[in-house]
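These notes concern the structure reproduced below.
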Amino acid sequence: MKILVLGGDGFCGWPTALHLSDIGHDVQIVDNLSRRNIDNELEVSSLTPIAPMGVRLRAWSELSGKTIAFHRFNVAEQYHRLLSLLREWEPDVVVHFAEQRAAPYSMKSSWHKRYTVNNNLNATNNLLAAVVESEIDAHVVHLGTMGVYGYGTAGMKIPEGYLRVKVDTPDGEVEQEILYPPNPGSIYHLTKTQDQLLFAYYVKNDRLRVTDLHQGIVWGTQTAQTERDERLINRFDYDGDYGTVLNRFLMQAAVGHPLTVHGTGGQTRAFIHIQDTVRCIELAISDPPARGDRVRILNQMTETHRLSDLAALVSKLTGAEIAYVENPRNEAAENDLHVANDQFLHLGLQPITLAEGLMQEVTEIAEKYRARCDMEKIPARSLWTQAPVKA
Ligand code: NAD
Ligand code: USQ
942 MKILVLGGDG FCGWPTALHL SDIGHDVQIV DNLSRRNIDN ELEVSSLTPI
992 APMGVRLRAW SELSGKTIAF HRFNVAEQYH RLLSLLREWE PDVVVHFAEQ
1042 RAAPYSMKSS WHKRYTVNNN LNATNNLLAA VVESEIDAHV VHLGTMGVYG
1092 YGTAGMKIPE GYLRVKVDTP DGEVEQEILY PPNPGSIYHL TKTQDQLLFA
1142 YYVKNDRLRV TDLHQGIVWG TQTAQTERDE RLINRFDYDG DYGTVLNRFL
1192 MQAAVGHPLT VHGTGGQTRA FIHIQDTVRC IELAISDPPA RGDRVRILNQ
1242 MTETHRLSDL AALVSKLTGA EIAYVENPRN EAAENDLHVA NDQFLHLGLQ
1292 PITLAEGLMQ EVTEIAEKYR ARCDMEKIPA RSLWTQAPVK A
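No gaps in the numbering here: position 194 of the sequence shown is 1135 in our numbering, and each next residue is one more.
Here it is in structure tokens:
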């Protein structure tokens, strides 16, 4: 199949492009390199030394004999570049990662809020409008987030996108399935809840085929392809804005920094290893919705963990200290989280669990590159409100 990967230079997009190329698909990448520019803005670098895009692509071609074309443009702003590419290349699938994905970055200032909303909503709307205008029959696969649900579950498992409700009418009780009520916890997460409405509308009006993957926090760094050569290495974000919690704990343990648990650590979140991310995308591509179907929503996560338990686990493995720091975010201090992920298990996903993968990650990545860490960049400094919120 011809697969266009929007955001293919990023943490999830790069290994996905390589994985899809490796299993025989014809892959092209679009990326405006905004993530690399944000590193410049924040004066931080990936813990792993990521190669320039040209070097990455030449290395892949040398090792695999396969070519991946790269188009550098802004999906949110350069609509006609996108439209021409869809018309000329006619991809069968467009995988959409091209959004600003860090919650703390989206809360840094009014500029960052506006940038995140403009970038993410225009990228998604441009893609959908261009698929309609180009009249191609592409399956759109979008990376959404578990954060659209909020993380509270009212004692039930979070279903895959839709909630069955009973409505009282004059003629009696009627059952319906509605989009699960959105409950975002940051401006970034808010853009993902808005994306859901864009998908629902274009699917209803234009009968597009769309799969929305509600992904949990991705941990790990390498996949079977990115570990084949250092020029292919994936990025590892550890800073207070882009570093996600488990990768931060692993890297903090490697550099001898106390593990930064926000508040009580009673927050429970969903996790998935990067190798499972790329496999899930392959599975979602292999099982597209039919034209006329509603948006297919799958929960792309494999396990849930309370943050205090995660910190205790990393501490046990490495001897790292745990520091309970004041929570810079406005979020529930504690929550339970139970999530349905039956669709991916049914499609054949065999999850990599934290227990199996964790030590390898600590030794092979975090320790190997710890000299590249700038300790100044570890604290999370973006505040959700003007004054820090007590957990
Ligand atoms: P990332 O920031 O590493 O990658 C996003 C890529 O998109 C970057 O290379 C960036 O340059 C590019 N991009 C952004 N806006 C663009 C635009 N307007 N035009 C062209 N390119 C653009 O993020 P990631 O971790 O790879 O996340 C990818 C997607 O997966 C995001 O949409 C994110 O919401 C979702 N997701 C990520 C995680 C995670 O833990 N990393 C978890 C759940 C969901
Ligand atoms: N946290 C800590 N210590 C840290 C960093 C974070 O305790 O050093 C806490 C946060 O307060 C939060 C939790 O860990 O309670 C998760 O934070 P995170 O930065 O790991 O993840 P989040 O902000 O939710 O965002 C990440 C990705 C985003 C994706 C989301 C999936 O950056 O793109 O959508 O995970 S989910 O969390 O399921 O919504």
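The beta-carbon is built from N, C-alpha and C at its ideal position, and this holds for glycine as well. From a predicted model like this one, the values you see are computed outputs, not experimental measurements.
Open item on the list: With distance defined between alpha-carbon atoms, name the residue in Tyr1103, Val1034 and Lys1145 nearest to Pro1122.
Closed with: Residue 1122 sits at position 181 when you count from the first residue of the sequence shown. Distances from the alpha-carbon of Pro1122 to those of Tyr1103, Val1034 and Lys1145 put Tyr1103 closest.
- So, are the CB atoms of Met942 and Val1034 less than 7 Å apart? Position 1 of the sequence shown, counting from 1, holds the residue named residue 942. Position 93 of the sequence shown, counting from 1, holds the residue named residue 1034. Yes. Within cutoff.
Beta-carbon within less than 6 Å of Arg1237's beta-carbon, same chain only, minus the 5 sequence neighbours each way: which residues are those?
Looking up residue 1237 in the sequence shown gives position 296. Once the five neighbours on either side are set aside, the close Cβ partners of Arg1237 are Thr1152 and Pro1230.
Note to self: Restricting to Cα atoms, I'd like to know which of Leu1324, Val1266, Leu1288 and Cys1221 is closest to Thr1201.
What the structure shows: Along the sequence shown, read from residue 1 onward, the residue named residue 1201 stands at position 260. Among Leu1324, Val1266, Leu1288 and Cys1221, the Cα nearest to that of Thr1201 is on Val1266.
Q. Between Val1186 and Ile1158, which are expected to be in contact by the criterion C-beta below 8 Å, what is the C-beta distance as a whole number of angstroms?
A. Here residue 1186 refers to the residue found at position 245 of the sequence shown. Here residue 1158 refers to the residue found at position 217 of the sequence shown. Indeed, because the Cβ distance is near 6 Å, the residues count as touching under 8 Å.
Below 7 Å between beta carbons: does that hold for Phe1212 and Val1255?
Working through the sequence shown from its first residue, we reach residue 1212 at position 271. Working through the sequence shown from its first residue, we reach residue 1255 at position 314. No. Outside cutoff.
| said: Output needed for Arg1176: all residues of its chain with C-beta closer than 7 Å, excluding positions within five of it in sequence on either side, in chain order. | reply: Along the sequence shown, read from residue 1 onward, the residue named residue 1176 stands at position 235. Scanning its chain for C-beta atoms nearer than 7 Å, with the 5 sequence neighbours on each side dropped, one finds around Arg1176 the residues Phe952, Ser987, Thr989 and Ile991, in chain order.
message: If you reduce the DSSP assignment to three classes, tell me which class Phe1014 lands in.
response: Translated into positions along the sequence shown, residue 1014 becomes position 73. The answer is coil: DSSP assigns Phe1014 none of H, G, I, E or B.
(request) Could you pull the start and end residues of the alpha helix (DSSP H) that Leu1023 belongs to? (result) Along the sequence shown, read from residue 1 onward, the residue named residue 1023 stands at position 82. First-last of the alpha helix (DSSP H) with Leu1023: Tyr1020 to Trp1030.
| Counting along the chain, where does the beta strand (DSSP E) carrying Arg1105 start and finish? | Sequence index remark: in the sequence shown, residue 1105 carries index 164 (1-based). Counting along the chain, the beta strand (DSSP E) containing Arg1105 begins and ends at Tyr1103 to Thr1110.
Among Ile1293, Pro993, Leu945 and Pro1292, which has the Cα closest to the Cα of His1080?
As a first step, residue 1080 must be located in the sequence shown, where it is residue number 139. Answer by Cα proximity: Leu945.
In the structure shown, what three-state DSSP assignment does Asn1146 receive?
Counting from one through the sequence shown, the residue named residue 1146 turns up at place 205. Asn1146 falls in the helix class under three-state DSSP.
Same chain only: Cβ atoms within 6 Å of Ala1307, ignoring 5 sequence neighbours per side
In the sequence shown, counting from the first residue as 1, residue 1307 sits at position 366. Take Ala1307, set aside five residues on each side of it, and the residues of its chain with a beta-carbon closer than 6 Å to its own are Leu1191, Met1192 and Ala1195, in chain order.
Task: Proximal residues to Glu1031 (C-beta, below 6 Å), its chain only, five neighbours per side dropped - done: Here residue 1031 corresponds to residue number 90 of the sequence shown, with the count starting at 1. Contacts found: Ile1077.
Based on the DSSP output, what are the partners of Tyr1265 in its beta bridges? In the sequence shown, residue 1265 corresponds to position 324, counting from 1. Bridge pairing for Tyr1265: Val1202 [DSSP].
> So is Gln1291 buried or exposed if we call it buried at 16+ other beta carbons inside 10 Å?
Replying inline: Stepping through the sequence shown from its first residue, residue 1291 is reached at position 350. Exposed, because fewer than 16 other Cβ atoms sit within 10 Å of the Cβ of Gln1291.
(Q) For a test of your reading of the model: does the CB of Met1087 fall under 6 Å from any non-hydrogen atom of the ligand USQ? Yes or no. (A) Residue mapping note: residue 1087 aligns to position 146 of the sequence shown, counting from 1. Yes, the beta carbon of Met1087 sits closer than 6 Å to at least one heavy atom of the ligand USQ.
- Message: Report the CB separation of Ala1071 from Leu1023 in whole angstroms; it is logged as a contact under 8 Å.
- Response: Residue numbering aside, residue 1071 sits at position 130 when the sequence shown is read from its first letter. Residue numbering aside, residue 1023 sits at position 82 when the sequence shown is read from its first letter. Yes, they are in contact, since the Cβ atoms of Ala1071 and Leu1023 sit about 5 Å apart, within 8 Å.
Would you decide whether Lys1309 is buried or exposed? Buried here means 16 or more other CB atoms lie within 10 Å of its CB. In the sequence shown, counting from the first residue as 1, residue 1309 sits at position 368. By the Cβ neighbour-count rule, Lys1309 is exposed, with fewer than 16 other Cβ atoms within 10 Å of its own.
Between Gly995 and the ligand USQ, is there a pair consisting of the residue's CB and a ligand heavy atom that are separated by less than 6 Å? In the sequence shown, counting from the first residue as 1, residue 995 sits at position 54. Not so, every heavy atom of the ligand USQ lies at least 6 Å from the Cβ.
- Query: Quick one: is Val1186 near chain D, going by C-beta distance under 7 Å?
  - Reply: Within the model displayed, chain D is absent; a lone protein chain is all it includes.
Practice task
Please find out if some non-hydrogen atom of the ligand USQ comes closer than 6 Å to the beta-carbon of Val1186.
Solution key: Numbered from 1 along the sequence shown, position 245 holds the residue referred to as residue 1186. Within the cutoff, so yes.
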